[in-house]
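> Got a structure for you, written out below as structure tokens; questions coming shortly.
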Amino acid sequence: MIADVIVEATMAEIERKINLSMKAVEERVHEITALKEQIYTRKTAELSQTLIVKAGEKGKNVVQENQPQQKSPFAASFLV
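Throughout the sequence shown, residue numbering follows the numbering used here, covering 1 to 80 in sequence.
The following block contains the structure:
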């Protein structure tokens, strides 16, 4: 009888620790996703500021600015 109570208490404590761990992992996933978004946004901004020089007609150079992409591929990369 006492052994059953000890086992149940131990199982409840393990379950509580697992739930806390899962919550911590989920929070980290959200942090990682946010950081990936920041990196992607910065890279996109850098690329949009980089100028491309294309050979134009009659030997002239035409300067064209890159256009940034609108959507990040990381938005749904981590679903828990």
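Just so it is clear, CB atoms sit at the ideal spot from N, CA and C, and this is done for glycine as well.
In whole angstroms, what is the alpha-carbon distance linking Glu-31 and Val-7?
On the sequence shown, residue 31 is found 31 positions in, with the first residue counted as 1. On the sequence shown, residue 7 is found 7 positions in, with the first residue counted as 1. Spanning the two alpha carbons is a distance of roughly 36 Å.
> If you follow the alpha helix (DSSP H) that Met-22 is part of, which residue opens it and which one closes it?
Numbered from its first residue, the sequence shown carries residue 22 at position 22. Where Met-22 is concerned, the enclosing alpha helix (DSSP H) stretches over 2 to 49.
> Glu-35 to Glu-26, Cα distance in whole Å?
Taking the first residue of the sequence shown as 1, we reach residue 35 at position 35. Taking the first residue of the sequence shown as 1, we reach residue 26 at position 26. For the sequence presented, residue 35 should be read as Leu rather than Glu. Near 14 Å, if we compare the C-alpha coordinates of Glu-26 and Leu-35.
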